[in-house]
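Quick note on this note's numbering: the sequence shown kicks off at 5 and runs consecutively. I have placed the structure first, in the form of C-alpha cells, so that the comments after it can refer back to it.
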Amino acid sequence: MPDELTTSQREEIAAELRRARGELRALIADEAGLSGTVELDQARVGRVSRIDAMQHQQMAAATRRRAERRLEGVEAALERLAEDPEGFGWCPECGEPIGYRRLKVLPESVFCVACLNKR
5 MPDELTTSQR EEIAAELRRA RGELRALIAD EAGLSGTVEL DQARVGRVSR
55 IDAMQHQQMA AATRRRAERR LEGVEAALER LAEDPEGFGW CPECGEPIGY
105 RRLKVLPESV FCVACLNKR
C-alpha cells in the first residue's frame with residue numbers, strides 16, 4: 005500500500021499540474037488553428053494533397069479533444085488540491101492513498117490503481 009503524500013510531494017504534484025495545464029492550453033490553442041475547413045482549390049492543391057490535409061485536420065481535432073479531456077482532469081485536480089490539500093491524493097472509493105508514484109506519472113489521477121481496475 006502506498007504512503008500518503010508529504011507536503012513537498014504535494015507541492016511537486018501541484019507544480020506538475022500547473023505545468024501540464026499551461027502545456028495543454030497551448031496545445032489546444034495550436035490545434036484549434038489546424039482544424040479549420042480544408043478549402044477545395046484544385047489549382048493550388050491536388051486531390052491527394054487535399055485528402056492529406058483533411059486527414060491531418062482530423063488528427064488535429066482528435067488531439068485537441070484528448071487534450072481538452074485531460075485539461076478537464078488537470079483543472080479538477082487543481083481544484084481538489086486547493087479545496088482540501090490534506091485530502092488530495094486519497095482515493096474516494098476505498099479511502100487509501102493513491103500513491104506518489106502514480107500521481108507523479110498521472111497527477112490528475114482520482115482513484116488508486118486497485119479501485120481503477122475494479123471499474
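Where a beta carbon is used, it is the ideal one built from N, C-alpha and C, also for glycine. Computed from a predicted model, the values in this text were never measured in an experiment.
key: Close Cβ partners of Asp-7 (< 8 Å) along its chain, the five nearest in sequence each way excluded   = Pro-101, Gly-103, Tyr-104
ask   = Is it right to say Gly-93 is buried, meaning 16 or more other beta carbons lie within 10 angstroms of its own, or is it exposed?
value = buried
request  = State the Cα-Cα distance for the pair Arg-69 and Cys-95, rounded to the nearest angstrom.
outcome  = 26 Å
inquiry  = Among Glu-16, Met-58, Ala-66, whose alpha-carbon lies nearest the alpha-carbon of Ile-32?
reply    = Ala-66
message = Short of 7 Å in beta carbon distance, which residues of its chain neighbour Val-78, apart from the five on each side in sequence? Order them along the chain.
response = Leu-21, Ala-24, Arg-25, Leu-28, Glu-112
ask   = Are Ala-18 and Leu-75 closer than 7 Å when you measure CB to CB?
value = no
query = In this structure, what does DSSP give as the bridge partners for Pro-101?
reply = Trp-94
request  = Take the Cβ of Cys-98 as the centre, count every other Cβ of all protein chains shown within 10 Å, and call the residue buried at 16 or more, exposed below.
outcome  = exposed
task = Give the straight-line distance between the Cα atoms of Ala-64 and Ser-53, rounded to the nearest whole angstrom.
result = 16 Å
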